[in-house]
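Sequential numbering of the sequence shown, starting at 117, is according to the numbering used here. In this text, a Cβ means the ideal position worked out from N, Cα and C, and glycines have one as well. These numbers were taken from a predicted model, which means no experiment stands behind them.
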Amino acid sequence: MTVGLPVVSRTYVSWCLDSTRWQRFAPRGDEIVVTTPYKSGTTWMIHIVGHLLFNDLRQREHSTFGRWIDANFQPVDGDLAALEQMPHRRVMKTHLALDALPYDHRLRYIYVGRDLRDIFMSLWNHHTNYTPEMWAKMSDRARDVGVAMAPPPPDDIHRFWHDWITRSQFEWEPPEGYPYWSTLHHLRTWWEYRHLPNILFVHFNDLLADLPREIARVASFLGLERGADRYAEIASLSSISAMRRDGDLINPGAHFAFRGGPTTFINRGTNGRWRGVLTDRELAQYDWAMRHLPGDAAAWLETGQAAAREAEWSI
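Below, the structure written as structure tokens:
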């Protein structure tokens, strides 16, 4: 068991991230923070939490609900000012490893994990579908802050895999995650503190397998118990097909950022698409990368809740 509480020991600044922005955020003490490395169900979980908080999602300020404070390619001043004015319980997302996020014992953190290979397939769809306008916005911001922009997406998924699984964005990360950041390092920093009562681990596999059950777990963790009928209703409203239908409400900015808008950003929501795509050599590279995780964390990342519960009992 890790002794003590998490402390900030790293600073992440890249074309995509700026961890220093969180230093300007003033918590009230009841915030909910959804954290994932990326492409692991971030928007899905924020949507679920929104249904637990509001009977009608239109009651929320969708322009700031679930805002990504550490996103380096968008202005932060307006978001912080809007968050300060929000009357309801605030929900935010972060893609920061816990060695860069200011920890507050009063907040509730929900970590959503997913198989590394499934993350990659979703990231390929994400990274290759930025609009020219979004790419220009991110490039301009990278130039303004003096950091290197990500290279243009390759035409071949295998070239993208090679760079992603063999290179790191930050020098302290294992070689994996380029040009974004390391999923494995991200998980490891949070996994070390999974015993803390205000951190909940949820897995994409378990959301797919039994969504009402996982919604009930989240509700209990947040002190937002609603009853089995409401959990079933939220599960229906939070299916991938329902989220694609309601994409303009969930992510109104997706039309600017992605070709195809919300239906591209909220893609298939399925696992296993890497089968028949990744070669035996690439799967061997995956196996090598996974050795950077302790065994219990690696098992959880591949399988989900059962492994996490076994790990909790071993603490």
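Would you call the region 260-270 in contact with the region 218-235, where contact means no fewer than 3 C-beta pairs closer than 8 Å? no
Do you know how far the Cα of Val165 is from the Cα of Ala348? The C-alpha of Ala348 lies about 14 Å from the C-alpha of Val165.
With distances taken between CB atoms, is the gap from Ile185 to Trp138 smaller than 7 Å? Yes, the pair counts as a contact, with Cβ atoms nearer than the cut-off.
On the premise that Gly182 lies in contact with Lys438, defined as a C-beta separation below 8 Å, what is that separation, rounded to the nearest angstrom? Absent from the model: residue 438. The displayed extent of the chain is 117 to 431, so no value can be given.
Identity of the residues DSSP links to Met265 by a beta bridge: In DSSP, Met265 forms no bridge with anything.
Given Val123, which residues of its chain have a CB within under 6 Å of its CB, disregarding the five upstream and five downstream residues? none
Inspect the beta-carbon positions of Ala413 and Leu303 and report whether they are closer than 7 Å. yes
Thinking C-beta only, is Glu308 closer than 7 Å to Leu93? Residue 93 lies beyond the stretch modelled for the chain, which goes from 117 to 431, so this question has no answer here.
Across the region 218-226 and the region 186-194, are there enough close Cβ pairs to call them in contact, namely three or more that are closer than 8 Å? As far as the Cβ criterion goes, the region 218-226 does not touch the region 186-194, which means the pair count is below three.
Start-end ranges of the alpha helix (DSSP H) lying completely within the region 161-211, minimum 4 residues: Positions of the alpha helix (DSSP H) runs, each at least 4 residues long and wholly inside the region 161-211, are given as 193-201 in order along the chain.
N- and C-terminal bounds of the alpha helix (DSSP H) containing Phe276: Ile273 to Thr282
Helix, strand or coil: how does DSSP classify Val393 here? DSSP places Val393 in coil when its eight states are reduced to three.
Just the C-alpha distance for Ala405 and Arg205, rounded to the nearest angstrom, thanks. 38 Å
Using DSSP with H/G/I as helix, E/B as strand and the rest coil, what is Thr459? The structure shown does not extend to residue 459, since the chain is modelled only from 117 to 431, so the question has no answer here.
By how many angstroms is the C-alpha of Met265 removed from the C-alpha of Asp256? 9 Å
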